[in-house]
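A short worksheet on the structure shown next.
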Amino acid sequence: MKGTPWPLLIAALMALLTVGAHRVGAEMSSEAQREVLAQATASFDEGLRLREADEAASAAALARAAAGFQRLVDEGGVESGRLYYNLGNTWYLRGDLGRAILNYRRAQQLIPNDENLASNLEWARRRVPDRIPPSARSQVLETVFFWHYDIPARVRFGIFAACNGVLWLLLGLGLLRVMRVRWPAVVMSLAVAVLGTSLVVSEVSRRHHDEGVILADEVVGRKGPDAAAYQPSFVEPLHAGVEFFVEEERPGWLRVQLHDGRETWLPEESVGRV
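Under our numbering, think of the first position of the sequence shown as 20, with each following residue one higher.
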């Protein structure tokens with residue numbers, strides 16, 4: 020698997036906890052966090068060292084590492100892209116594509132421009148048995164509006180703010196009759212309008228289109244929210260690592276849309292939410 024060398028990644032995680040990462044409802048002291056991280060790191064290194072010599076012992080060590088890293092999230096309240104990235108790497112080494120992709124996706128929300136993360140996510144996606152390409156409509160949109168999909172929202176916001184500032188500067192110069200600003204102002208106005216629309220679309224999509232990943236080894240998608248009452252949606256079951264958009268929620272069930280546009284109902288216990 021491609022990506023940042025493990026020692027560098029672990030060092031980066033240590034630095035995050037030393038200087039303080041973003042914490043949400045933390046129940047663990049900084050000292051306890053560093054201790055849990057050290058133990059998880061030791062287990063991770065042990066798992067790597069034993070991969071060739073003792074597969075069972077390696078798997079057990081990686082399981083302890085994953086539990087430790089997850090504890091930093093659940094009990095320590097640490098919201099760190101690097102931590103989710105390392106969780107993804109740990110699950111990938113354990114052969115759990117569903118949890119690997121889920122944590123890579125969570126990391127991507129916090130460190131969207133990380134090339135190693137993007138590479139590892141794509142590497143894991145290629146191993147998912149179900150290859151579900153995006154719909155033709157999505158492919159056209161992503162080709163025509165590539166900048167909207169390829170450039171992270173925070174970068175687009177920075178460009179939007181810069182263009183907006185230049186626009187107001189031009190308008191001020193125009194009012195003072197310092198220079199003729201008609202066409203530059205028109206260009207900046209268009210840029211502000213396009214980038215502003217792009218940001219609004221991204222935010223609306225983020226708020227109203229939750230995403231998820233199948234975690235169960237395989238799951239049968241149903242035509243309705245009841246395994247006994249509804250027939251399977253597809254001939255074959257779906258496998259761990261398949262990604263989707265959440266369209267509707269019922270007790271214990273989710274109506275989801277796959278990336279090719281097909282819809283089905285999945286048991287909530289079989290998936291993880293990004």
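Beta carbons: idealized from backbone N, C-alpha and C, even for Gly.
Closest residue to G96 among M47, E255, G291 (Cα-Cα distance): M47
Span separating the alpha-carbon of R144 from that of A51: In this structure, the CA atom of R144 is about 34 Å from the CA atom of A51.
Where the alpha helix (DSSP H) containing W55 begins and where it ends: One detail in the question is off: residue 55 reads as Val in this sequence, not Trp. Run containing V55: 49-68, per the alpha helix (DSSP H) assignment.
Beta-carbon spacing of V265, G231 below 9 Å: yes
Where P251 falls, given that 16 or more other Cβ within 10 Å makes a residue buried: Exposed: under 16 other Cβ atoms inside 10 Å.
Q89: first and last residue of the uninterrupted alpha helix (DSSP H) it sits in: 74-93
Whether L116 touches A259 by CB criterion (9 Å): yes
Burial state of R292 (16 or more Cβ within 10 Å): exposed
Inter-residue spacing [alpha-carbon to alpha-carbon] between A61 and V238: 34 Å
Neighbourhood of D236 by C-beta distance below 6 Å, restricted to the same chain and skipping five residues each side: A259
CA-to-CA distance, R274 to W284, given in whole angstroms: 4 Å
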